[in-house]
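The block underneath contains the structure these notes are about, expressed in C-alpha cells.
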Amino acid sequence: MGGLQLTDTVKHLLIINIVVFFLVQGYLRIPLAVYYPGYAAFKPFQVVTHMFAHANTSHLFFNMFSLFIFGPMVEHRLGTKHFFKLYFIAGFGALALHLATKYIELNFLGAPPELMQIPMLGASGALMGVVAAFATLFPNMRVQLLIPPIPMKAKHMALLFIGLDLWLGMGRYNTGVAHFAHVGGAIIGYLYVTFFSKGNYRIN
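Per this note's numbering: the sequence shown = residues 4 to 207.
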C-alpha cells in the first residue's frame with residue numbers, strides 16, 4: 004500500500020495536531036479535552052478541541068502515523084471536501100457514542116458520578132473513521148500492522164480493531180481508552196463512504 008503524496012488536508016491535520024501538542028503542554032491540555040456534559044468543566048468548544056489534543060507522545064505518534072498511512076489514499080479517492088467532512092463527522096460520531104455509553108453507565112449500570120470527571124481527548128475516533136473508510140474503499144488491499152507486525156487485508160484489519168474495542172469496551176476493562184469512541188468513528192467512516200459520498204469513488 005502507499006505510494007501517494009501527502010495530500011493537503013492530511014498535511015494540515017498533521018501540522019495542527021503536532022503544533023497543538025508541543026504548544027499546549029501538561030495540565031494546559033486538560034481544558035481542550037471534552038468532559039461529560041453534566042459536569043461543570045464541560046465547555047461547548049471542547050466538542051472540537053478534544054480532537055486536537057493528545058495525552059502523550061505515544062498517543063500522538065500512533066494517531067498521526069495512522070493518519071499519514073491511511074489518510075492520503077482516502078482523501079485522494081474521496082476528494083478533499085469529502086475527506087474533510089468524513090474526518091470531522093467521524094470525530095463527532097465518536098464523541099456521540101462515547102457520551103451515550105457514559106450516559107447508560109451513569110444512569111442504568113450504577114457507575115459512580117466520578118465517571119463524569121474523566122475527560123476524553125485525541126483524534127482516535129476521527130482516525131478510526133478514516134481507517135474504516137480505507138477498509139471500505141480498499142477492502143482487499145494488504146496492510147502491514149505495527150502491533151502485531153503481521154500483514155492482513157484492510158477489511159480484516161478494520162474488523163480486528165472494531166472487535167477489540169467492542170470486547171474491551173463491553174468488558175469494562177480499565178484501559179484508560181475510550182473504546183466506544185473508536186467504534187463510533189468506525190461506524191461513521193463506513194456509513195459515510197457507503198452512502199453519503201456514493202458515486203464519487205470505485206471500490207477496489
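Note that beta-carbon positions come from the ideal geometry of N, C-alpha and C, so glycine has one too. Values in this document were obtained by computation on a predicted structure and should not be read as measured data.
Excluding the five sequence neighbours on either side, which residues of its own chain have a C-beta within less than 6 Å of the C-beta of residue i, listed in chain order?
i, result
"G5", "Legend: pLDDT at G5 = 48, less than 50; position of this residue unreliable, value from coordinates given subsequently. If we look at G5 and ignore the five residues flanking it on each side, it has no Cβ neighbours."
"L63", "F24, H57"
"A135", "A161, A189, G192, Y193"
"R32", "A56"
"T139", "Y193, V196"
"Q147", "P154"
"D168", "H182, H185, V186"
Which residue or residues does DSSP assign as beta-bridge partners of residue i?
i, result
"P154", "Q147"
"M123", "V37"
Please return the same chain residues whose Cβ sits closer than 7 Å to the Cβ of residue i, not counting the five positions on each side in sequence.
i, result
"E108", "A114, L118"
"F45", "Y38, Y39"
"Q120", "Y42"
"Q28", "none"
"A36", "Q49, H53, A56, P122, M123, L124"
"F198", "none"
DSSP three-state call for residue i: helix, strand or coil?
i, result
"A136", "helix"
"A28", "In the sequence as displayed, the identity of residue 28 is Gln instead of Ala. In the structure shown, Q28 sits in coil (DSSP, three-state: anything other than H, G, I, E or B)."
"Y193", "helix"
"N214", "Nothing can be reported for residue 214, as the shown portion of the chain is limited to 4 through 207."
"L9", "coil"
"N207", "Confidence is the limiting factor: at N207 the pLDDT is only 49, short of 50, which leaves the residue's position unreliable and the question unanswerable from this model."
"T1", "Residue 1 lies beyond the range of the chain shown here (4 to 207); nothing can be said about it."
"A184", "helix"
"N59", "coil"
"K14", "helix"
"P115", "coil"
"P75", "helix"
"A129", "helix"
"F64", "helix"
"F199", "helix"
"M164", "According to the sequence as given, residue 164 is Phe; it is not Met. Three-state result, F164: helix."
Beta-carbon within less than 8 Å of residue i's beta-carbon, same chain only, minus the 5 sequence neighbours each way: which residues are those?
i, result
"F164", "M131, V134, H185, A189"
"P40", "L102"
"L171", "T178, V180, H182"
"T10", "G74, P75, E78, H79, T83, F86"
"F71", "L9, V13, L17"
"A129", "M54, Y90, F91, A93, G94, A97, G188"
"S69", "L130, V133, V134"
Which two residues bound the contiguous alpha helix (DSSP H) that contains residue i?
i, result
"L100", "83–110"
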